[in-house]
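**Student:**
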Amino acid sequence: MFLRTNASRAVSQLSDFVDSGFLDNERPKIPGGSWTIESLKIKSTEDLQKIWYTIIKEKNKLNTMQRHYTQHQEKLGAMPAPSRVNLLMKSLENIGKVLRERHDIATQRAQEMFEKRRKQGMYRYPPGPHEPPQQHTSVLVVTLEAKPFVDSVKEVFADKSVFEQHKGIVKIDICLPPDVLKQKEKAHEAFEEWFHAKRAFEDYRKYNDFDSACDNLAIEIAPGEFSTGERARDIPVPPPMSSREPPVDVLKRLEWEGLLPLERSVIQLGYFPNITSVPPEPPGERPTHPDEIKGPWEISIEFDTANRADIVCNQSQITDIDGHRVLSMKVKPADLDHSYVSLPNYEIADQREKAYKQWKENSPLLTEWKDDYKRPFARPLIDIISYNYNNKIDYAEREARMMGQNLWEPPVPIDYTCGKSYQAPRWISERDQWDADVPRFPMELESY
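Right under this line is the structure:
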């Protein structure tokens, strides 16, 4: 009979105190696991919310435990089963996938239902908040000789049978007609022109009625001839002499250019330009000031019922509002040709969204911003300058010609892609800020 040795007997005794997996270098099995997508799909939304809340609490506990083990690692050692955090994160990710899938299915069903009802003619307007349709309201246009208060208009045209605060009135617009606005603009221009002409005439004639000590001085009109009995301001002054032109001969012209500026100029003593200039003409009659044009004013009152405007226009005997006489009162015809009838806004938005999704599916790696297209199509600095600027004209001179202001502000946007920016889709929006990788100005990297 085969008998055990001492060594084999020791190993068999060690297995009674140590896990066999440890001796075979196997990791212990952790009970439990993450929630799978198949098990979550059969749960209701309320159950998913409860599971989500429970997992969040367990995740916070494990994070707190992991932080505690990290701070006291020398005393406590490693945290037991740190993979539990990964299981919880996987469960949260699966719950999010299930909820997003349900949301997409519900959205698709709602869109199909809406399209079906729209084709049947049940909807005339897109879902969401919008102004009341024109066929459900009526508009009354009242013309007054002056501008009234909004509260007075609302008090006059309010429906007393309505107990709400709006009193059957949707909107009140008070504005000037286009012809009155043009009349006010013309009156403003005429009054400004008359005012400046009047100010210039008054400034020119301001000191004519005052005597001066210089009026009694003797003025030498010619050598040896003095004025007798006339005031100085009444003596006519000859017109100014013109400056001498340079000679045509080359030698004389060089001599003339060598003279000092004072030697080349013509000096005429006693010449005052304000005396020899033509006096301003007196302004005419004062035109009408634009603020004196009080009206007429148009008031558009929109009621919440289709027949309220006709009832008010036919039955009411309104002659004045706030003391201003009513000139006319008429009902504005309904505008049934609404923009939603020909091409609904939601259809345009749907087309853009479909085009955007199709573009993202065809080219998922392309960027969504126009400025980011500069990076794949970027060109060297010398190519950017040669493409955006003419070689015959210097950079600074071109800037000064086109702008006339700052030499370092580009008059036209610089195309860093050298004609390749057209590959960006049209519906991609532009950024307000410039990219840091691409210089804003073509000469920015050079030093002066």
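Throughout, my numbering is defined as the position within the sequence shown, counted from one, plus 743.
Beta carbons: idealized from backbone N, C-alpha and C, even for Gly.
Predicted, not measured: the structure shown is a model, and the values here were computed from it.
#1: Identify whether residue 798 lies in helix, strand or coil by the three-state DSSP scheme.
#2: With a cut-off of 8 Å, do at least 3 Cβ pairs link the segment 1020–1032 to the segment 937–946?
#3: If distances are taken between C-alpha atoms only, which option among 782, 1160, 1030 comes closest to residue 931?
#4: Could you check if residue 776 is buried or exposed, using at least 16 other CB atoms within 10 Å of its CB as the buried criterion?
#5: Have a look at 903, 936, 803 and flag the residue whose alpha-carbon is nearest the alpha-carbon of residue 827.
#6: Kindly identify the DSSP beta-bridge partner or partners of residue 1044.
#7: Counting along the chain, where does the beta strand (DSSP E) carrying residue 1071 start and finish?
#8: Is residue 1098 closer than 8 Å to residue 881 when the C-beta atoms are compared?
#9: Is DSSP giving residue 944 helix, strand or coil here?
#10: Put residue 1064 into one of helix, strand or coil per three-state DSSP.
#11: Looking at the structure shown, is residue 969 part of a helix, part of a strand, or coil, going by DSSP?
#12: Per DSSP, what kind of secondary structure is residue 1002 in: helix, strand or coil?
#13: Identify which residue in 949, 898, 885, 845 has its Cα closest to the Cα of residue 919.
#14: Considering Cα atoms alone, identify which of 998, 836, 1093 is closest to residue 779.
#15: Could you give the uninterrupted runs of the alpha helix (DSSP H) lying entirely in the segment 774–855, keeping only those of 4 residues or more?
#16: On the premise that residue 1104 lies in contact with residue 914, defined as a C-beta separation below 8 Å, what is that separation, rounded to the nearest angstrom?
#17: Under a Cβ-count criterion, where at least 16 other Cβ atoms within 10 Å of its own Cβ denotes burial, should residue 834 be classed as buried or exposed?
#18: Within this structure, are the beta carbons of residue 1069 and residue 1052 separated by less than 8 Å?
#19: Between residue 1042 and residue 896, how many whole angstroms is the CB-CB distance? I'm expecting something under 8 Å.
#20: When the Cα of residue 1130 is compared with those of 1161, 1106, 1123, 908, which residue comes out closest?
#21: So what does DSSP say about residue 921, is it helix, strand or coil?
#22: Specify the secondary structure class of residue 1099 as computed by DSSP and reduced to three states.
#23: In this structure, does DSSP put residue 933 in helix, strand or coil?
#24: Using the three-state DSSP reduction, which class does residue 1059 fall into: helix, strand or coil?
#25: Please confirm whether residue 900 and residue 1033 have their CB atoms less than 8 Å apart.
#26: Can you tell me which of the three DSSP states residue 1105 falls into?
#27: Beta carbon of residue 838, beta carbon of residue 791: below 8 Å?
#28: What do you get for residue 1125, buried or exposed, if any count of 16 or more other CB atoms within 10 angstroms of its CB means buried?
#29: For residue 903 and residue 910, I'd like the C-alpha separation in whole angstroms.
#30: Could you give the first and the last residue of the continuous alpha helix (DSSP H) run that contains residue 897?
#31: In chain order, what residues of the same chain have a beta carbon less than 7 Å from the beta carbon of residue 990, not counting five sequence neighbours either side?
#32: In whole angstroms, what separates the C-alpha of residue 928 from that of residue 912?
#33: What do you get for residue 1123, buried or exposed, if any count of 16 or more other CB atoms within 10 angstroms of its CB means buried?
**Tutor:** Short version:
#1: helix
#2: yes
#3: 1030
#4: exposed
#5: 803
#6: 883, 915
#7: 1067–1075
#8: no
#9: helix
#10: strand
#11: strand
#12: coil
#13: 885
#14: 836
#15: 780–784, 788–814, 816–819
#16: Not really, about 45 Å apart at Cβ, beyond 8 Å.
#17: buried
#18: no
#19: 6 Å
#20: 1161
#21: helix
#22: helix
#23: helix
#24: coil
#25: no
#26: helix
#27: yes
#28: exposed
#29: 7 Å
#30: 893–900
#31: 996, 999
#32: 33 Å
#33: exposed
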